[in-house]
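In the numbering used here, the protein residues as written are 147 to 476.
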């Protein structure tokens, strides 16, 4: 936990007054901090929010020359997949990373969450469908979101047609990988919000990705699909993407007072914890639908940072893994 002296040192290293520092934080985090709040943090009379500590000690931008591409996938719907994608993207951006979120789901949940009009995006030809099947360049289709902190490639229901059209394409499972290669040096992280089934779009995402994060609701039916997804990932590795790794499992919609939720989390840990990282569970909370209504990532609006800490944990783990890999290669 950052203390007041460390915060003051970080502020002074930037050459900021307390007011200028507050304005910088507000621009990055979407808050309304002022000079008085910064003064109380530095004086130790008020706890420094974790989001502030994270952004102040943000790691230097990664040195690798190509983006790390993460598919966020589970063939079962309603497990918090889009919430994970949006909030991890925002958390990475808050840590100084250049981020593109690709909405690869015809339901367009990430697009809706971030307040982008599907109709306007479709009319402008700025969607995942137009990039994959209508030769629209990725760079011409992405849109800045959250005051420009990261970019979104929107989706619409049009993408449902891609499942059939991609089957007619030569090497149809590699189309997304080909398209993203054109912007792989423009971003540090590209997150792919996959549809809730193992169809052509999910296979495209797995073929393009360097890693997979699996959100799993802490209820038994949601967990039952994990072995099938792991089997699909293994086949993708063998048949064309040997570098694909599994980042881990992110338990979601967890209520600690519910016996079933605790039992499912324990079962997840017992069955997969020996070989996969099990991240801290995302609690169930009304703040998540509220943030969708506000068209903002939950990490930007949550007053209780414990609710969004698992997303920050994933973001930090991605950066740490890349830094470790860079050190190993060097």
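Glycine included, C-beta positions come from ideal geometry on N, C-alpha and C.
Where residue i sits in the DSSP three-state scheme
i           : result
residue 180 : coil
residue 400 : strand
residue 344 : coil
residue 476 : Confidence in residue 476 is poor, its pLDDT being 46 and thus under 50, which makes the residue's placement unreliable; the coordinate value appears in the next sentence. Correct three-state label for residue 476: coil.
residue 361 : strand
residue 278 : helix
residue 373 : helix
residue 391 : strand
residue 264 : helix
residue 317 : coil
residue 162 : coil
residue 253 : coil
residue 442 : coil
residue 449 : coil
residue 258 : helix
residue 152 : helix
residue 202 : helix
Where residue i falls, given that 16 or more other Cβ within 10 Å makes a residue buried
i           : result
residue 406 : exposed
residue 172 : exposed
residue 272 : buried
residue 303 : exposed
residue 468 : buried
residue 161 : exposed
residue 328 : exposed
residue 476 : Since pLDDT at residue 476 reaches only 46, below the 50 mark, its modelled position is unreliable, and the value read off the structure follows with that caveat. Classification of residue 476: exposed, given that the 10 Å Cβ count is below 16.
residue 355 : buried
residue 163 : exposed
residue 323 : buried
residue 203 : exposed
residue 132 : No statement about residue 132 is possible, as the shown extent of the chain runs from 147 to 476 and does not include it.
residue 222 : buried
residue 449 : exposed
residue 189 : exposed
residue 266 : exposed
residue 443 : buried
residue 388 : exposed
residue 439 : exposed
Pair within 8 Å by beta-carbon distance, residue i and residue j
i           : j           : result
residue 457 : residue 194 : no
residue 197 : residue 166 : no
residue 308 : residue 347 : yes
residue 310 : residue 353 : no
residue 445 : residue 237 : yes
residue 338 : residue 351 : yes
residue 426 : residue 459 : yes
residue 246 : residue 299 : yes
residue 276 : residue 289 : no
residue 211 : residue 385 : no
residue 225 : residue 382 : no
residue 185 : residue 375 : no
residue 326 : residue 291 : no
residue 333 : residue 452 : no
residue 400 : residue 435 : no
Paired residues, beta bridge with residue i - DSSP
i           : result
residue 434 : Answer by DSSP bridge pairing: none, since residue 434 is not bridged.
residue 246 : 297, 336
residue 291 : 296
residue 217 : 338, 358
residue 424 : 395
residue 429 : 400
Below-8 Å beta-carbon distance, residue i vs any chain D residue
i           : result
residue 269 : Annotation note: the requested chain D is absent from the structure, which comprises a single protein chain.
Inter-stretch contact at 8 Å, needing at least 3 Cβ pairs: the region 366–375 / the region 245–261: Taking 8 Å as the limit for Cβ pairs, the verdict is that the region 245–261 does not touch the region 366–375.
Three-pair Cβ contact test at 8 Å for the region 422–429 versus the region 385–398: The region 422–429 makes contact with the region 385–398: 3 or more CB pairs, one atom from each, lie closer than 8 Å.
Validate contact between the region 280–287 and the region 261–272 using beta carbons, cut 8 Å, 3 pairs: Flag = yes, the region 280–287 and the region 261–272 touch.
The region 253–264 contacting the region 399–415, beta-carbon criterion three pairs below 8 Å: They do not touch, by the three-pair rule.
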